[in-house]
Amino acid sequence: MNRTDKPLLSIRNVCVDYVTEHGNARAVNEVSFDIYPGETVGLAGESGCGKSTLAFAIANLHEAPALISEGEILFEGRDILTMSSAQLRDFRWNETSMVFQSAMNSLNPVLKISEQIIDVILAHKRVSKQEAWSRAEELLATVGIHASRMNSYPHQLSGGMRQRVVIAIALALRPKLIVMDEPTTALDVVVERDIMDELFELKEKFGFAILFISHDLGLMGEIADRIGIMYAGQLVEMGTAAQILEQPKHPYTRGLVGSFPTIHGPRVRLEGIPGNPLNLLQTPAGCYFQARCSDGIDKCLKHKPQLKPLTNSGDRLVACHVAVDMEVPA
Amino acid sequence: MTVSAQKPPALAALQSNRFGQVMKKYLSVIAGFYRGNPTALLGTFIVGGLIIMSLAAPLIAQNEPNKRVARGHQPPSAELFFGSTRSGKDVFSQVLHGGRISLLVAFGAAALTTVIAVLVGISAGYIGGKTDELLMSVTNIVLVFPQLPLLIILAAFLGQVGPLIIAVIIGSTSWAWGARIIRSQTLAIRNKEFIISAEVMGESKARIVLVEILPNLTSIVVGGFVGTSIYALMAEAGLEFLGLGDPTVITWGTMLYWAQSNSAFIVGAWWDMAVPGMAIAIMGGGLALLNMSIDQISNPKLKTGAYIKIWRKQKAQMLARRAQS
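Taken in sequence, the protein lines are chains H and L.
For the first sequence, the positions run 993 to 1322 when the working numbering is used.
For the second sequence, the positions run 5 to 329 when the working numbering is used.
Laid out in structure tokens, this is it:
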């Protein structure tokens, strides 16, 4: 990670609404952050907090009823949200590829693995079928699958192998950014570890950046350079992995971190977060976390906390009145 | 309890009434179907209007359909809305009375077709194995018969058949496609996790078929029913127009038959032919609209719900905002 570089992906004030007859549910609410070349950014939060919605927005994949109503998403300075469909076609997969949630189901059951990898190469690159084939074999080898599996159908492979194939397809065009939306959620921890190790070997080799979306904070702490925490569509905290896991500032992050046991270290009683996720159709004035927060103050009920830097370097951000007041004495 | 005591007794009774609550629930479901669905409204209006007018034929039409009430081939006038036939009968009265039988045949044949198609399709798909093989070979045999010639030959063989026989003939020859479609959909649903878990939970076969599988087929079954109604309406009119039906029964088909055999068009009595023809066309169109709207409801992926209008409006606003800045 080199901070002197320009950001690869710059998300500015993005809002995504789900339009319903009963009003709009704002699933992503004024989220802003940058991803630098070669960096791994983790995005964590509970189910329904807008992680996947944001991931879809990055590839401009949203369709009705979702609407990206505000903001811009700049990839190397070009706004993805204003691209024409031809530009988008060129941008997707060449520059940014995606590994979807339950990715192994994104393989077509009636096509051979080889066809599915070659398809994506032929769709974007002017190469012969032979070249595409040998490129596909190479790709499978990089994710640790023998080339003899080229003619297999997805159902002939195990879940872990399918996941590797999907990652191979994501790598096929050497994109600069890979968005991974819970790529290993359906797998057991051993396979997960294998795939993650391989992924990071590949990352060393090709130097792509990763936006890694998961609710597994333990895994994220190991692989991410920076972690952002989302709650009810808002980015509530952002910092390096160590900062987030060791000194969480936002009460929600504290609750989230406190919900995970550590393998090493003493046994501590796990504390959950009381209450339920917010109904996005009935948002309160002030902080969205107020109803579940244990150390709220009066200000929290009236004023929405903005994401503010805690340190001068500006990479430790938190959206909480209490945390900001404690750090920066007025 | 003090609150309910203040209510008018009738209202309180209605609210405590389980029947009232169930009705309320159904009404809101029906309202939801029509909200933001103009196709459905128009289709229901046409189909419902024609059905009601046919049912109320004796009340609306002043003249008996079979009675001579005027001279032959009188043009439409204030007294005879749609003129008279060659034998001096009231076309308006005939088209209303004829609608009763035409629609009865159409819906009856469609109901018969749907019942056979659902029974054959679900049994074949759910039970599988030998049953599937047997049922599907029967279906395939029915499928290869050319349908309209078969209808004509059957009708001609039985000779001047009445509406009931026509309904049975149409119903028993046009179920094969529906059965195949329902079978393949059943097969697709049959292996889904929720069916397997229902089996593991020990639900009876009847319950699995009726409660777990059948509701998933609603759109195909209802769509098939409406589609077959259109087909049966046309087929019945076609058979009767060719003179294969009983010409003494008044239906839209026999009206066309008489108009044709009396050379209504050639002598300039266009109303004699146009009125039953338009009735068939309008009814067919109304049913087709209804079919489309059912598809929109049962297939949310088509994205035609009420929210889509709000979404389009907001998207336009968003694009305008973006263009400004």
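Idealized CB from N, CA, C, for every residue including glycine.
Under the three-state reduction of DSSP, which class applies to residue i: helix, strand or coil?
i: H:C1279; result: coil
i: H:C1292; result: helix
i: L:A9; result: Residue placement at L:A9 is poorly supported in this model, since its pLDDT is 47, which falls under 50; the coordinates are not used for a value here.
i: H:K1300; result: strand
i: H:L1046; result: helix
i: H:I1265; result: coil
i: H:S1061; result: strand
i: L:S223; result: helix
i: H:R1084; result: strand
i: H:D1026; result: strand
i: H:F1092; result: coil
i: L:I254; result: coil
i: H:N1016; result: strand
i: L:A114; result: helix
i: H:M993; result: Residue confidence is low: H:M993 scores 46 on pLDDT, short of 50, so the model does not pin down where it sits. Its coordinate-derived value is still stated next. Three-state DSSP puts H:M993 in coil, outside helix and strand.
i: L:V279; result: helix
i: H:L1103; result: coil
i: H:F1067; result: strand
i: H:T1254; result: coil
i: L:T89; result: coil
i: H:V1260; result: coil
i: H:D1317; result: helix
i: L:S267; result: coil
i: H:V1033; result: strand
i: L:L353; result: Nothing about residue 353 of chain L can be read from this structure; chain L reaches only from 5 to 329.
i: H:L1309; result: strand
i: L:S329; result: coil
Short check: CB of residue i to CB of residue j, under 8 Å?
i: L:L155; j: L:L243; result: yes
i: H:C1285; j: H:H1313; result: no
i: L:E240; j: L:I170; result: yes
i: H:T1032; j: H:F1204; result: yes
i: H:K1168; j: H:N1143; result: no
i: H:Y1244; j: H:I1265; result: yes
i: L:W256; j: L:A283; result: yes
i: H:I1065; j: H:A1049; result: yes
i: L:I217; j: L:I254; result: no
i: L:R326; j: H:T1074; result: yes
i: H:A1233; j: H:R1218; result: yes
i: H:V1135; j: H:I1159; result: yes
i: L:I186; j: L:L221; result: yes
i: H:A1058; j: H:G1042; result: no
i: L:P167; j: L:I105; result: yes
i: L:G103; j: L:S58; result: yes
Contact check, residue i vs residue j under 8 Å by CB: the rounded distance?
i: H:R1154; j: H:L1099; result: 6 Å
i: H:L1149; j: H:A1139; result: At roughly 14 Å, the Cβ-Cβ gap does not stay under 8 Å, so H:L1149 and H:A1139 are not in contact.
i: L:L339; j: L:S233; result: Residue 339 of chain L cannot be examined here, being either before or after the span of chain L that is shown, 5 to 329.
i: H:L1165; j: H:N1086; result: 5 Å
i: H:L1046; j: H:L1035; result: 7 Å
i: H:D1186; j: H:V1091; result: Not confirmed; about 15 Å, so no contact.
i: H:G1257; j: H:L1237; result: Incorrect: roughly 12 Å between the Cβ atoms, too far for contact.
i: L:A110; j: L:L237; result: 4 Å
i: L:W315; j: H:A1056; result: 5 Å
i: H:I1221; j: H:G1037; result: 6 Å
i: L:W275; j: L:P79; result: 7 Å
i: H:I1137; j: H:R1127; result: Not really, about 14 Å apart at Cβ, beyond 8 Å.
i: H:T1088; j: H:A1051; result: 6 Å
i: L:A65; j: L:L107; result: About 16 Å separates the two Cβ atoms, so there is no contact after all.
i: L:R184; j: L:T118; result: L:R184 to L:T118, Cβ: 14 Å. No contact.
i: H:G1063; j: H:V1006; result: 4 Å
i: H:Q1226; j: H:A1311; result: 7 Å
i: H:P1276; j: H:L1262; result: With 8 Å as the limit, H:P1276 and H:L1262 do not qualify as a contact, their Cβ atoms being about 28 Å apart.
Give a single yes or no on whether residue i has its beta carbon closer than 7 Å to a heavy atom of the ligand MG.
i: L:I234; result: No copy of the ligand MG appears in this structure; indeed no ligand is present at all.
Next item on the list: Counting only runs of 4+ residues fully inside the stretch 166-217 of chain L, write out the alpha helix (DSSP H) ranges in chain order.
Entry: The DSSP assignment places complete alpha helix (DSSP H) segments of no fewer than 4 residues inside the stretch 166-217 of chain L at 167-177, 180-194, 197-204, in order along the chain.
Notebook entry, point to check: Along the stretch 32-58 of chain L, what residues have a CB closer than 7 Å to any CB found in chain H?
Noted result: Within the stretch 32-58 of chain L, no residue has a Cβ that lies closer than 7 Å to any Cβ of chain H.
Check: Name the residues in the stretch 1123-1152 of chain H whose C-beta lies less than 8 Å from a C-beta of chain L; which are they?
Finding: Listed by position, the residues of the stretch 1123-1152 of chain H near chain L (Cβ gap below 8 Å) amount to none.
Notebook entry, point to check: Got a sec: which bits of the stretch 1044-1062 of chain H sit with their beta carbon under 7 Å from any beta carbon on chain L, in order along the chain?
Noted result: Listed by position along the chain: A1056, P1057, L1059, S1061.
Next item on the list: Note down, in chain order, all residues in the stretch 1003-1017 of chain H with a beta-carbon under 8 Å from any beta-carbon belonging to chain L.
Entry: Taking 8 Å as the cut-off between beta carbons, the residues of the stretch 1003-1017 of chain H near chain L are D1009, V1011, T1012, E1013, N1016, in sequence order.
Checklist line | Chain-ordered residues of the stretch 1073-1084 of chain H with a beta carbon less than 9 Å from chain L | finding: Close to chain L, meaning a Cβ-Cβ distance shorter than 9 Å, are the following residues of the stretch 1073-1084 of chain H: L1073, T1074.
Check: Going along the stretch 310-324 of chain L in order, which residues come within less than 7 Å of chain H, judged by CB to CB distance?
Finding: Only A310, Y311, I312, I314, W315, Q318, K319, M322 from the stretch 310-324 of chain L bring a Cβ to less than 7 Å from some Cβ of chain H.
Checklist line | Ranges of the alpha helix (DSSP H) found wholly within the stretch 1220-1246 of chain H, counting only runs of at least 4 | finding: List check, alpha helix (DSSP H) in window: 1233-1238.
Checklist line | Runs of alpha helix (DSSP H) lying entirely within the stretch 1097-1176 of chain H, each at least 4 residues, in chain order | finding: 1105-1116, 1121-1134, 1151-1163, all fully within the stretch 1097-1176 of chain H.
Margin query: Beta carbons nearer than 9 Å to chain H: which residues of the stretch 175-203 of chain L have them?
Written below: None of the residues of the stretch 175-203 of chain L has a beta carbon lying less than 9 Å from any beta carbon of chain H.
Note to self: Please list, in chain order, the residues of the stretch 65-86 of chain L that have any C-beta partner in chain H closer than 9 Å.
What the structure shows: Taking 9 Å as the Cβ-Cβ cut-off, the stretch 65-86 of chain L has no residue approaching chain H.
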